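K.L.:
Residue numbers (the working numbering), protein chains in the order written: chain Z, 1130 to 1308; chain F, 11 to 368. Below is a structure I'd like to ask you about.
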Amino acid sequence: MAVNKLFFAGSGGQGVLTMGQMLTYAAMYADMNATWLPSYGPEMRGGTANCTVVISTDKPVSCPLIYEADNVVVMNLPSLIKFESLVKPGGNLFVNSSMIDQKATRDDIHVYYVPANDIAMKLGNARTANTVMLGALVSVAPVVPVEMIYKIMEKTFSGRKAHLLDINKTAFHAWGKEQ
Amino acid sequence: MSEKVLMKGNEAFAEAVIRGGVRFYFGYPITPQSEIPEFMSRELPKRGGKFLQAESELGAINMAYGCGAAGGNGFISSSSPGIALMQEGMSFLCGAEVPVTLLNVSRGGPGIGSIQPGQADYNQVTRGGGNGDYRIPVFAPASIQEAVDILYEAPSIADKYRNPVMVLADGLMGQMMEPVMLPEPKHAFTSEEIPAAKPWAISGSEKGERSVVKSLRLQPEVLEAHVEHLYEKYAEMEKELEKVECEGLEDAEVVFVAFGTMARLAREAMELLEAQGIKAGMIRPISLWPYPYRAFDGISQKTKAVISVELSMGQMLQDINLGVKGRVPVRLIHRVGGMLPTSLEVVEKTKKILEEVR
Chain Z
1130 MAVNKLFFAG
1140 SGGQGVLTMG
1150 QMLTYAAMYA
1160 DMNATWLPSY
1170 GPEMRGGTAN
1180 CTVVISTDKP
1190 VSCPLIYEAD
1200 NVVVMNLPSL
1210 IKFESLVKPG
1220 GNLFVNSSMI
1230 DQKATRDDIH
1240 VYYVPANDIA
1250 MKLGNARTAN
1260 TVMLGALVSV
1270 APVVPVEMIY
1280 KIMEKTFSGR
1290 KAHLLDINKT
1300 AFHAWGKEQ
Chain F
11 MSEKVLMKGN
21 EAFAEAVIRG
31 GVRFYFGYPI
41 TPQSEIPEFM
51 SRELPKRGGK
61 FLQAESELGA
71 INMAYGCGAA
81 GGNGFISSSS
91 PGIALMQEGM
101 SFLCGAEVPV
111 TLLNVSRGGP
121 GIGSIQPGQA
131 DYNQVTRGGG
141 NGDYRIPVFA
151 PASIQEAVDI
161 LYEAPSIADK
171 YRNPVMVLAD
181 GLMGQMMEPV
191 MLPEPKHAFT
201 SEEIPAAKPW
211 AISGSEKGER
221 SVVKSLRLQP
231 EVLEAHVEHL
241 YEKYAEMEKE
251 LEKVECEGLE
261 DAEVVFVAFG
271 TMARLAREAM
281 ELLEAQGIKA
291 GMIRPISLWP
301 YPYRAFDGIS
311 QKTKAVISVE
321 LSMGQMLQDI
331 NLGVKGRVPV
341 RLIHRVGGML
351 PTSLEVVEKT
361 KKILEEVR
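As structure tokens, then:
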């Protein structure tokens, strides 16, 4: 993998921007080059949110903007409808099937249906749905080493948030275990 | 040796000027750079500095005028329409020879426009919107690291020439995150050190001659001599501050000219074109004033077109034409209003242009 382009979309509060940031941190810790670019606008909780992550293993990232993505994560239905076309042929689409009851329409891409919210609820913390999804993504497309995801988790979930570390690590592997 | 950190553009810009010696911030919030005043209000008081939210952009630039006249290293950030409001102040700062570091995180225009990225401030920042004969050096970095490195040096450049210095970023750079290495903090002048470091400043020192900082010169011969003096300074800046990055000009069939984020987009378009057998080169002006006209002498005889890739209706074309001097056809690929082209779009439009000029 020289360059991997990823795109995360959902509604505000679903942890979409955080998923992209975790991945960008992990790439930096692994001495890769990376950019994280959020959509921005007059937005609010419950509105749409998305971010683009470009990871380059050797050269600096030439462009933080993308016209197609190797991996796309959609957390709600409007995002599936809007961004299914962004997946490049042969690329991966991760659909949060807890929130999206429709199927993807393309047959030239790999589609993974991940019931992220249901898995998170089963684990006892609904707010780990984005970690479940990120884990699914990394297990299918190992764009960053898992240890580096652990490293950013350990930095994020420290101090007052330390009790959230174990559940997030479990959530990260939860979908992979079910497969 | 500092370690790599992941920072949002706006926060990295603010950290860089603090490390470059800035201790005073004046501003008024405006998207897409409001993280800067937020960061400054939190960080400056911790580092012996002062944060002041002005009542308007006019207030902010004139507070910076006062701060600079007193010898302080001030910093102002805003976005396009806010920078427009500060033009009068910039003319006064240049006339009075007061240093300040300015940052424009530009958005779509004209007027209040949109909050999405734009580059249509090119004429505003390179030609100036204030009155009189004056110049402001403008740097347009293409990555957060380059922006950090330039903003770190900007306060020293402003002090050296006793002139404002501007950095032009765009909304994309302000909002994106990228790993950066932060430089070691420079020494910031304390108020006790200012009289010796800046003897021209109104520092309240009782010793020595009276300092006068002003732009008003009622006698024509005095003002004429002053403007001539300013232009000797600007000639020095033209010699010393020009910055450009050229790539693959030797055998390029097409040469892109782009700055800021658009240079990164053009960079990717070069790779895509090369995969299709079309050699593309790039001239990336890092200083927009002084503009790197001489870089265009490096364009080879094989080049069939020079293409400006801009988020404006082609405001940089005038400078490109001054550099190209009619040797090669000059064309434009643009989007405006906060819309962004993709690298694929640039590739397709480039191929059309090449067919047309062949």
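Backbone N, C-alpha and C fix where the C-beta goes; we use that ideal spot for every residue, glycine too. These numbers were taken from a predicted model, which means no experiment stands behind them.
1. Give the C-beta separation of GLU278 of chain F and SER353 of chain F to the nearest angstrom, bearing in mind that I take them to be a contact with Cβ-Cβ under 8 Å.
2. Buried or exposed for ILE1313 of chain Z, please, with buried defined as at least 16 other CB atoms from any protein chain shown within 10 angstroms of its CB.
3. Looking at ARG145 of chain F: is its Cβ nearer than 8 Å to the Cβ of TYR75 of chain F?
4. Quick one: measure Cβ to Cβ for PRO165 of chain F and VAL32 of chain F, integer angstroms, because I've assumed they're closer than 8 Å.
5. For the stretch 1243 to 1256 of chain Z and the stretch 1222 to 1233 of chain Z, state whether three or more C-beta atom pairs, one from each stretch, are separated by less than 8 Å.
6. Could you compute how far the alpha carbon of ARG137 of chain F sits from the alpha carbon of ALA152 of chain F?
7. If I measure Cβ to Cβ from VAL177 of chain F and keep anything under 8 Å in the same chain, skipping five residues before and after, which residues do I get?
8. Would you say ILE154 of chain F and MET50 of chain F are within 8 Å of each other, going by their C-beta atoms?
9. Which chain F residues are close to MET1157 of chain Z, counting only those with a beta carbon under 7 Å from its beta carbon?
10. Here's a check: name, in chain order, each residue in its chain whose Cβ is nearer than 8 Å to the Cβ of SER213 of chain F, leaving out the five neighbours to either side.
11. Among the residues of its own chain, which have a CB less than 7 Å from the CB of GLY1264 of chain Z, if the five just before and after it don't count?
12. With burial defined as no fewer than 16 other Cβ atoms inside 10 Å of the residue's Cβ, what is the status of LEU332 of chain F: buried or exposed?
13. Does chain F have any CB closer than 8 Å to the CB of PRO1274 of chain Z?
14. In chain order, what residues of the stretch 30 to 42 of chain F put their CB closer than 9 Å to some CB of chain Z?
15. Going along the chain, which residues of its own chain have a beta-carbon closer than 7 Å to the beta-carbon of ILE93 of chain F, five neighbours each way excluded?
16. Alpha carbon to alpha carbon, how far is ALA70 of chain F from GLN63 of chain F? Give it in angstroms, no decimals.
17. Return the residue from the list F:ALA268, F:ALA235 and F:LYS312 that minimises the CA-CA distance to LEU327 of chain F.
18. Would you kindly check if the distance between the Cβ of ASP143 of chain F and the Cβ of ALA240 of chain F is under 8 Å?
19. Mind listing the chain F neighbours of TYR1196 of chain Z? Cutoff is C-beta to C-beta under 8 Å, in chain order.
20. Assess contact between the stretch 183 to 190 of chain F and the stretch 1158 to 1167 of chain Z, defined as three or more Cβ pairs (one per stretch) separated by less than 8 Å. Is contact present?
21. So, with DSSP's three-state summary, where would you put LYS196 of chain F?
22. If we cut at 8 Å on Cβ distances, does GLU281 of chain F have a partner in chain Z?
23. Which residue from Z:ALA1249, Z:ASP1237 and Z:MET1151 puts its Cα closest to that of GLU1276 of chain Z?
P.N.:
So, to answer that:
1. Working through the second sequence from its first residue, we reach residue 278 of chain F at position 268. Working through the second sequence from its first residue, we reach residue 353 of chain F at position 343. The Cβ separation is near 4 Å, so the contact holds.
2. Since the first and last residues shown for chain Z are 1130 and 1308, residue 1313 of chain Z lies out of range.
3. As a working note, residue 145 of chain F is residue 135 in the second sequence. As a working note, residue 75 of chain F is residue 65 in the second sequence. Cβ distance not < 8 Å, so ARG145 of chain F and TYR75 of chain F don't count as in contact.
4. Residue mapping note: residue 165 of chain F aligns to position 155 of the second sequence, counting from 1. Residue mapping note: residue 32 of chain F aligns to position 22 of the second sequence, counting from 1. Correct: roughly 5 Å between the Cβ atoms.
5. yes
6. The residue given as residue 137 of chain F occupies position 127 in the second sequence. The residue given as residue 152 of chain F occupies position 142 in the second sequence. Going by the C-alpha atoms only, they are around 21 Å apart.
7. Locating residue 177 of chain F in the second sequence gives position 167, counting from the first residue. Hits under 8 Å: PHE23, THR111, LEU112, LEU113, ASN114, VAL148, PHE149, ALA150, PRO151, ALA157, ILE160, LEU161 and ALA164.
8. To locate residue 154 of chain F, count along the second sequence from 1; it is residue 144. To locate residue 50 of chain F, count along the second sequence from 1; it is residue 40. Their beta carbons are not under 8 Å apart, which means ILE154 of chain F does not touch MET50 of chain F by this criterion.
9. Taking the first sequence and counting its residues from 1, one reaches residue 1157 of chain Z at position 28. Ordered by position in chain F, the residues that pass the 7 Å Cβ test against MET1157 of chain Z are LYS14, LEU16 and PRO189.
10. Mapped onto the second sequence, residue 213 of chain F falls at position 203. Excluding sequence neighbours, SER213 of chain F sits near ALA80, GLY81, SER201, ILE204, PRO205 and SER221.
11. In the first sequence, the residue the question calls residue 1264 of chain Z occupies position 135. Counting only Cβ-Cβ distances below 7 Å, and skipping sequence neighbours, we find ALA1300, PHE1301, HIS1302, ALA1303, TRP1304 and GLY1305.
12. For the purposes of this step, residue 332 of chain F is taken as residue 322 along the second sequence, with counting starting at 1. The residue in question, LEU332 of chain F, is exposed, as its Cβ has fewer than 16 Cβ neighbours within 10 Å.
13. Residue 1274 of chain Z sits at position 145 when you count from the first residue of the first sequence. So, not an interface residue.
14. THR41 and PRO42
15. Here residue 93 of chain F refers to the residue found at position 83 of the second sequence. The residues are ASN114, ASP131 and GLN134.
16. Here residue 63 of chain F refers to the residue found at position 53 when the second sequence is read from its first residue. Here residue 70 of chain F refers to the residue found at position 60 when the second sequence is read from its first residue. Each residue's Cα considered, the two are about 8 Å apart.
17. Here residue 327 of chain F refers to the residue found at position 317 of the second sequence. Among F:ALA268, F:ALA235 and F:LYS312, the Cα nearest to that of LEU327 of chain F is on F:ALA268.
18. Walking along the second sequence from the start, residue 240 of chain F turns up at place 230. Walking along the second sequence from the start, residue 143 of chain F turns up at place 133. It should be noted that the sequence gives Leu, not Ala, for residue 240 of chain F. Yes.
19. Counting from one through the first sequence, the residue named residue 1196 of chain Z turns up at place 67. In chain order: THR352, SER353, LEU354 and GLU355.
20. yes
21. Locating residue 196 of chain F in the second sequence gives position 186, counting from the first residue. Note: LYS196 of chain F maps to coil in three-state DSSP.
22. For the purposes of this step, residue 281 of chain F is taken as the residue at position 271 of the second sequence. By this cut-off, GLU281 of chain F is an interface position.
23. In the first sequence, residue 1276 of chain Z corresponds to position 147, counting from 1. When the alpha-carbon of GLU1276 of chain Z is set against those of Z:ALA1249, Z:ASP1237 and Z:MET1151, the nearest one is in Z:MET1151.
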